[in-house]
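Numbering (the numbering used here), first residue to last: 257 to 411.
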């Protein structure tokens, strides 16, 4: 069974990679995505980058917009705020949650998996992008999760 799961994940990753390659072919212009609000936080990375029709967002935390303050209340509220932040970023650059191709979820405690999934499924409202999730020994600002994603620009 473990072999089958690994094989399935490998195939899925290959298909996503091939799709992203096809989306980017012929476009080599890299655009740095940032806002004055994010620049004011003096972080050493951009909000994301865009290459062709594909947006690569940096990992997002459940912070109140324009601050480095994690929302209180645990994994549920942090997951919701993180995905709202991702949605707002994507909309700012011509995309949305329904255009997400892949997410990577980093969790401080994998025991929070079920509670995270409830909010994740609600926010994606039936759209099911490819996803990886893993436990992390510590996340920035003491967050309980971080999510990064790859999305295509709305067509």
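Even for Gly, the Cβ is constructed at its ideal location relative to N, Cα and C.
For residue i, three-class secondary structure by DSSP
i: residue 351; result: coil
i: residue 291; result: coil
i: residue 202; result: Here the chain has residues from 257 to 411 only, and residue 202 is not among them.
i: residue 296; result: helix
i: residue 360; result: strand
i: residue 402; result: strand
i: residue 411; result: coil
i: residue 327; result: coil
i: residue 279; result: Low confidence applies here, because residue 279 scores a pLDDT of 49, under 50, leaving its location unreliable and the question unanswered by this model.
i: residue 332; result: helix
i: residue 307; result: strand
i: residue 317; result: coil
Cβ distance (whole Å) where residue i is taken to contact residue j below 8 Å
i: residue 383; j: residue 339; result: So it is not a contact: roughly 12 Å between Cβ atoms.
i: residue 318; j: residue 337; result: 4 Å
i: residue 403; j: residue 346; result: With a Cβ gap of about 12 Å, residue 403 and residue 346 do not count as contacting.
Same chain only: Cβ atoms within 7 Å of residue i, ignoring 5 sequence neighbours per side
i: residue 287; result: 305, 306
i: residue 405; result: 313, 342, 356, 358, 359
Unbroken beta strand (DSSP E) run spanning residue i, endpoints
i: residue 386; result: 386-391
Residues near residue i in its chain [Cβ-Cβ closer than 6 Å; skip 5 each side]
i: residue 400; result: 331, 334, 364
i: residue 387; result: 359
Segment limits, alpha helix (DSSP H) that includes residue i
i: residue 372; result: 369-380
Own chain residues within Cβ distance below 8 Å of residue i, not counting five before or after
i: residue 392; result: 362, 363, 364, 402
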